[in-house]
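To start, the structure itself, in structure tokens.
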Amino acid sequence: MLTAYDYPTARLVAEAGVDLILVGDSLGMVVLGYDSTIPVTVDDMVHHTKAARRGAPNAFLVADLPFLSYATVEQALENAARLMRDAGADSVKLEGGVEVAPVVQALVRAGVPVLGHVGLTPQTASALGGYRLQGKDEQDARRIMQGAQGLEAAGCWGVVLELVPAGLAKLITERLGIPTIGIGAGADCDGQVLVFHDVVGLFSGFTPTFVKRYTEAGASIRDALARYAEEVRSGAFPTESQAFSIKDEVLKRLYGS
Ligand code: KIV
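With this note's numbering, you'll find the sequence shown wraps up at 319, consecutive numbering, no jumps.
This is how it looks when you write it as structure tokens:
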């Protein structure tokens, strides 16, 4: 799984043969320039999910329910409907463990496929002490295990495990009957997810240590743009081959000799 947020990124991810696309609320940081996912709205998610769907018409597309959009069952149903019916998502993702199980149950009962998300949950990161490893001690590891199991019992089709020790992710993966998708959770999850902009080097803000950059697209784009600006200033662009001609006699008739 990789994130994508618009037509070109979803198209690239689908063409690369990645199985699942997540329109994550991480778009708040990597696309909209916020410093967290908190300001992201349902309108933002609908807008970006529609664009991603146009880029990947046949992909299995999961869209995040953003912060406080699923605080009640009614809100969750209404906002999941916007993401699936209006924007074209196949499934929604929400963050939290046993505390969100009643919401998951209601969504699943209404026919909404739900992906869970435990461990570091960015929407509530400040309550968890910031963007840091979760489940290090026995009590916290138990909370995360019980959260994942509660999500399975509530009907989630899978669970994202974010920023938890690899051994804990392995144990959760062994104990669950549904797939786990890890991010900063080691190699023993059933699948992996990363943020598009991190993988291709397009986000110059904070890069977590669990990210692997497969290319430096940001650097090569910046270089290309600098060359463009330089060539426009020097007159090297455009050349005749990038321009269109007009017959001399037409010009003469317009302006005389
Ligand atoms: O919003 C997001 O991109 C996510 C992934 C990091 C799992 O939730």
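For glycine and all other residues, C-beta sits at the position ideal for the given N, C-alpha and C.
Please read all numbers here as calculations on a predicted model, not as lab measurements.
Between the region 256 to 265 and the region 293 to 312 there are fewer than three C-beta pairs closer than 8 Å, too few to call the two in contact.
Around the C-beta of Leu-316, fewer than 16 other C-beta atoms lie within 10 Å, and the residue is accordingly described as exposed. Taking the Cβ atoms as the reference, Ala-66 lies roughly 10 Å from Val-93, outside the contact range of under 8 Å. Listed as beta-bridge partners of Thr-242 by DSSP are Val-221.
Taking all protein chains shown into account, Gly-267 has fewer than 16 neighbouring C-beta atoms within 10 Å of its C-beta and is therefore exposed.
Set against 7 Å, the gap from the CB of Ser-88 to the closest heavy atom of the ligand KIV is smaller.
Using a 10 angstroms sphere on the CB of Gly-220, the tally of other CB atoms reaches 16 or more, which defines it as buried. In the three-state DSSP reduction, Val-154 falls in the strand class (E or B). Annotated as distal: Pro-175 and Thr-99, with beta-carbon spacing of 8 Å or more. DSSP places Phe-258 in the uninterrupted alpha helix (DSSP H) bounded by 258 to 261.
Fewer than three beta-carbon pairs drawn from the region 157 to 165 and the region 192 to 204 are found closer than 8 Å, and the two stretches are therefore not classed as touching. Exclusion of the five residues before and after Gly-117 leaves Tyr-69, Ala-72 and Arg-73 as the residues of its chain whose Cβ lies within less than 6 Å of its Cβ. By the CB criterion at 8 Å, Leu-177 and Cys-218 fall inside the cutoff.
For Asp-126, the enclosing beta strand (DSSP E) covers residues 122 to 126. An exposed status is given to Asp-97, since fewer than 16 other beta-carbon atoms sit within 10 Å of its beta-carbon. If you draw a straight line from the Cα of Gln-208 to the Cα of Ile-283, it comes to about 45 Å. Secondary structure note for Leu-287: its alpha helix (DSSP H) is the uninterrupted segment 279 to 296. Separation of the CB atoms of Val-255 and Ile-240 is rounded to 15 Å, and the pair is thereby denied contact status at 8 Å.
The nearest non-hydrogen atom of the ligand KIV is less than 7 Å from the C-beta of His-179.
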